[in-house]
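**Q** Residue numbers (my numbering): 3 to 71.
1. Under DSSP, the alpha helix (DSSP H) around residue 3 begins and ends at which residues?
2. Return the chain-ordered list of same chain residues with a C-beta closer than 8 Å to the C-beta of residue 18, the five sequence neighbours on each side being excluded.
3. Is there at least one Cβ from chain D nearer than 8 Å to residue 25's Cβ?
4. Just how far apart, CA to CA, sit residue 64 and residue 38?
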């Protein structure tokens with residue numbers, strides 16, 4: 003093999019490795035985005051539950067106030 007062919011082969015190997023690294027980075031980014039969306043969804047669910055509890059507590063306080071009258 004000539005030096006040019008060896009250099010071309012090494013170049014292709016390096017390019018393939020760089021593409022593989024980019025692919026791994028892309029997969030990692032997709033996973034992180036998916037996890038972020040799941041966490042945000044859980045936070046929204048928790049906020050909604052908290053709001054429902056607060057409404058129930060307020061309703062309970064209202065009932066107690068009516069009982070005192």
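From the three backbone atoms N, C-alpha and C, an ideal C-beta is built for every residue, glycine too.
A quick note: this is a predicted structure, and the numbers were derived from the prediction, not measured.
**A** Let me spell this out:
1. Going by DSSP, residue 3 is part of no alpha helix (DSSP H) at all; its letter is neither H nor E.
2. Here the set comprises nothing.
3. The chain inventory of the structure shown lacks chain D, comprising one protein chain alone.
4. Cα to Cα, residue 64 sits roughly 39 Å from residue 38.
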